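Chains as they are written, first to last, in the working numbering: chain A, 25 to 116; chain B, 10 to 324. C-beta atoms are modelled at their ideal positions from N, C-alpha and C, and glycine is treated no differently. None of these values were measured; they are calculated from a predicted model.
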Amino acid sequence: MAIEVRIPTILRNLTDDAKVVEGSGATIGELFSDLDSRHPGIAERLVENGKLRRFINVYLNDEDVRFVGGLEAKLSDGDNVTILPAVAGGSR
Amino acid sequence: MRYDSLLDSLGGTPLVGLPRLSPSPGVRLWAKLEDRNPTGSIKDRAAFFMIEQAEKDGLLSPGCTILEPTSGNTGISLAMVAKLRGYRMVCVMPENTSAERKQLLAMWGAEVHFSDAAGGSNEAVRVAKEMAAANPDWVMLYQYGNPANARAHYETTGPELLADLPEITHFVAGLGTTGTLMGVGRYLREHKPDVRIVAAEPRYGELVYGLRNIDEGFVPELYDESVLTTRFSVPSDAALKRTRELLVQEGIFAGISTGGALHAALGMARKAEREGQTADIAFVIADAGWKYLSTGAYEGTLEEAEERLEDQLWA
Numbered sequence: 025m026a027i028e029v030r031i032p033t034i035l036r037n038l039t040d041d042a043k044v045v046e047g048s049g050a051t052i053g054e055l056f057s058d059l060d061s062r063h064p065g066i067a068e069r070l071v072e073n074g075k076l077r078r079f080i081n082v083y084l085n086d087e088d089v090r091f092v093g094g095l096e097a098k099l100s101d102g103d104n105v106t107i108l109p110a111v112a113g114g115s116r
Numbered sequence: 010m011r012y013d014s015l016l017d018s019l020g021g022t023p024l025v026g027l028p029r030l031s032p033s034p035g036v037r038l039w040a041k042l043e044d045r046n047p048t049g050s051i052k053d054r055a056a057f058f059m060i061e062q063a064e065k066d067g068l069l070s071p072g073c074t075i076l077e078p079t080s081g082n083t084g085i086s087l088a089m090v091a092k093l094r095g096y097r098m099v100c101v102m103p104e105n106t107s108a109e110r111k112q113l114l115a116m117w118g119a120e121v122h123f124s125d126a127a128g129g130s131n132e133a134v135r136v137a138k139e140m141a142a143a144n145p146d147w148v149m150l151y152q153y154g155n156p157a158n159a160r161a162h163y164e165t166t167g168p169e170l171l172a173d174l175p176e177i178t179h180f181v182a183g184l185g186t187t188g189t190l191m192g193v194g195r196y197l198r199e200h201k202p203d204v205r206i207v208a209a210e211p212r213y214g215e216l217v218y219g220l221r222n223i224d225e226g227f228v229p230e231l232y233d234e235s236v237l238t239t240r241f242s243v244p245s246d247a248a249l250k251r252t253r254e255l256l257v258q259e260g261i262f263a264g265i266s267t268g269g270a271l272h273a274a275l276g277m278a279r280k281a282e283r284e285g286q287t288a289d290i291a292f293v294i295a296d297a298g299w300k301y302l303s304t305g306a307y308e309g310t311l312e313e314a315e316e317r318l319e320d321q322l323w324a
């Protein structure tokens, strides 16, 4: 099961500068474990004490996974996952 | 309608139906025209409430200096109110913001300090906090953490929406300081427990997310996840496309962040339609398109516009 994962600049030192990597897993948590097997250290940058880190946002098909089950959010073939640091963003 | 002064005309904005973009008579979209505020954006509500509260608290008196990290609408709103009330206004904004905003701020007499484009508003917030520490007599209203920001929407935007659309099922707005969603969301939930509160968060080019380390990340102090039903990240191409659709189909000339909110609203509409439910979905037109003309968002093909928008702060 192939899931496309977009990696933010700040984590690309762990993916040989790849912006997009592929992974697999039935849930977001499993996907992160799978990524960690090929990009050691990445899971620890995303998850702390079994939860997503406060300043990490993960989107499943553009929806914030915190609202669809967090690390337990279910994945299907062809889903895309985007990882981004939480920032103040644009023009307020 | 007659008012004693410009500030008295704040709020009370129209809610208009979108007959062409609504998928069916049972699933309807409604736009809250927040560009019809004194300086042309929803931020007038927060700016006015934050200044009023600071005056009540004795923090502000004529001659005082207001400092705020803002790359746009909040700064423009604060600058206007500050001008009328006799305050000096200092804004800290990222250098990669549109020319119109810089000119508008200068026009209302605000002084602008530029922060590095890399890091976007994050960097502006950091610089403003430094400046506040160095100038203890300046007042930083701090829209990201000021409860008066959310209260403005709890006391005005929320009640207006419920009065105009008692059947409301969804409320969708852009997510920035989170003030609009927190204030309106709390108000609506108290009166319509089943209402869905949906955030549309702009997704920018990479430059904006270029933190040096993850601990520099930022979540506004006002943000309370439990108020939201869900939250979508809207890429700039989708926001641009929807901004243009709104103009072509319904005649509404809105800013680009509104396209992001519309994108999420249409997603909710499709979902309701699929599930055979009726829905009345209200979303926020945060401002009109004038301030973004120089970004090229309304010119040429979508692809061209998208390229021009890369690494600009469009919402």
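Contact belief for Gly269(B) with Val243(B) at Cβ below 8 Å, rounded distance in angstroms: Within the second sequence, numbered from 1, the residue matching residue 269(B) stands at position 260. Within the second sequence, numbered from 1, the residue matching residue 243(B) stands at position 234. Indeed, because the Cβ distance is near 4 Å, the residues count as touching under 8 Å.
3-residue-minimum beta strand (DSSP E) runs that sit fully inside the region 138 to 207 of chain B, ordered along the chain: 179 to 183
Interface flag, Met109(B) vs chain A, CB-CB below 8 Å: Along the second sequence, one-based indexing puts residue 109(B) at 100. The sequence given here places Glu at residue 109(B); Met does not occur at that position. It does not; no Cβ of chain A falls within 8 Å.
The region 281 to 290 of chain B touching the region 31 to 40 of chain B, judged by at least three CB pairs closer than 8 Å: yes
Below-8 Å beta-carbon distance, Ile52(A) vs any chain B residue: On the first sequence, position 28 is the one that residue 52(A) refers to. It does not; no Cβ of chain B falls within 8 Å.
7 Å Cβ shell around Val92(A) - same chain, five flanking residues per side excluded: Position 68 of the first sequence holds residue 92(A). Same-chain partners within the cutoff: Leu84.
Euclidean distance between Cα positions of Val29(A) and Ser14(B): The residue labelled residue 29(A) in the question sits at position 5 within the first sequence. The residue labelled residue 14(B) in the question sits at position 5 within the second sequence. Val29(A) and Ser14(B): Cα-Cα distance of roughly 53 Å.
Endpoints, beta strand (DSSP E) assigned at Ile294(B): Taking the second sequence and counting its residues from 1, one reaches residue 294(B) at position 285. Segment 288 to 294, the beta strand (DSSP E) holding Ile294(B).
Residue-level contact to chain B via CB, Gly58(A), 8 Å cutoff: Residue 58(A) sits at position 34 when you count from the first residue of the first sequence. It is worth fixing the name first, because residue 58(A) is Asp in this sequence and not Gly. By this cut-off, Asp58(A) is not an interface position.
Proximity to Val111(A) [Cα-Cα], best of Leu220(B), Thr83(B), Arg37(B): Residue 111(A) sits at position 87 when you count from the first residue of the first sequence. Checking every option, the nearest Cα to that of Val111(A) belongs to Leu220(B).
In DSSP terms, what Asn81(A) is bridged to: Walking along the first sequence from the start, residue 81(A) turns up at place 57. DSSP output for Asn81(A) lists Leu108(A) as bridge partner(s).
Min CB distance Glu72(A) to chain B below 8 Å: The sequence position of residue 72(A) within the first sequence is 48, counting from 1. Output row for Glu72(A): interface = no.
Contact set for Arg97(B): own chain, Cβ-Cβ below 6 Å, skip 5 residues either direction: Translated into positions along the second sequence, residue 97(B) becomes position 88. These residues qualify, in order along the chain: Thr74.
Where Met191(B) falls, given that 16 or more other Cβ within 10 Å makes a residue buried: Sequence index remark: in the second sequence, residue 191(B) carries index 182 (1-based). Classification for Met191(B): buried.
Stretch-stretch touch, CB-based, cutoff 8 Å, three pairs: the region 294 to 306 of chain B with the region 49 to 63 of chain B: yes
From Ile31(A), Ser48(A), Asn81(A), residue whose alpha carbon lies closest to that of Asp40(A): Walking along the first sequence from the start, residue 40(A) turns up at place 16. Nearest of Ile31(A), Ser48(A), Asn81(A) to Asp40(A), Cα basis: Ile31(A).
Endpoints, the beta strand (DSSP E) within which His272(B) is located: For this step, residue 272(B) is matched to residue 263 along the second sequence. Here His272(B) belongs to no beta strand (DSSP E); instead the alpha helix (DSSP H) covers 265 to 283.
Given 8 Å, three or more beta-carbon pairs between the region 114 to 124 of chain B and the region 15 to 22 of chain B: no
Rounded C-alpha distance that separates Lys98(A) from Arg45(B): Walking along the first sequence from the start, residue 98(A) turns up at place 74. Walking along the second sequence from the start, residue 45(B) turns up at place 36. Computed Cα separation, rounded: 42 Å.
Runs of alpha helix (DSSP H) lying entirely within the region 32 to 80 of chain B, each at least 4 residues, in chain order: 52 to 65
Interface flag, Glu68(A) vs chain B, CB-CB below 8 Å: Counting from one through the first sequence, the residue named residue 68(A) turns up at place 44. Not an interface residue.
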